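Residue numbers (our numbering): 1 to 75.
Glycine included, every Cβ here is placed at the ideal spot set by N, Cα and C.
As the structure is a prediction and not an experimental result, all values here were calculated from the model.
Read the structure below first, then the notes.
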């Protein structure tokens, strides 16, 4: 019974965080490199470590309009 409850609580907390992350006006991080195609919720994301240019804060809607998709490390 305890395992089921823990699994439910974990799933609920993950889905809540994911929904909160996609709210309007949410700030994400992007690398301005020529080959960069992702946005990141965490400024310390592993996917940003190879950025050789600047890292910028941007609203998620703007990142998506620029064709950026969520970094695979943050799925």
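*Quick one: is residue 73 buried, meaning 16 or more other Cβ sit within 10 Å of its Cβ, or exposed?*
Numbered from its first residue, the chain shown carries residue 73 at position 73. Looking at its Cβ environment, which holds fewer than 16 other Cβ atoms inside 10 Å, residue 73 is exposed.
*Would you call the CB atoms of residue 24 and residue 61 closer than 8 Å?*
For the purposes of this step, residue 24 is taken as the residue at position 24 of the chain shown. For the purposes of this step, residue 61 is taken as the residue at position 61 of the chain shown. The criterion of a C-beta distance shorter than 8 Å is satisfied by residue 24 and residue 61.
*In terms of residues, what are the limits of the beta strand (DSSP E) holding residue 57?*
For this step, residue 57 is matched to residue 57 along the chain shown. For residue 57, the uninterrupted beta strand (DSSP E) segment begins and ends at 55 to 59.
*Starting from the C-beta of residue 31, find all residues in its chain whose C-beta is less than 7 Å away, skip the five residues before and the five after it, and write them out in chain order.*
Counted from its first residue, the chain shown places residue 31 at position 31. 48, 51, 53 and 55.
*Please name the residue or residues paired with residue 31 in a DSSP beta bridge.*
Locating residue 31 in the chain shown gives position 31, counting from the first residue. Looking at the DSSP output, residue 31 shares a beta bridge with 55.
*Those residues which DSSP pairs with residue 48 across a bridge*: Along the chain shown, one-based indexing puts residue 48 at 48. Beta-bridge partners of residue 48 (DSSP): none assigned.
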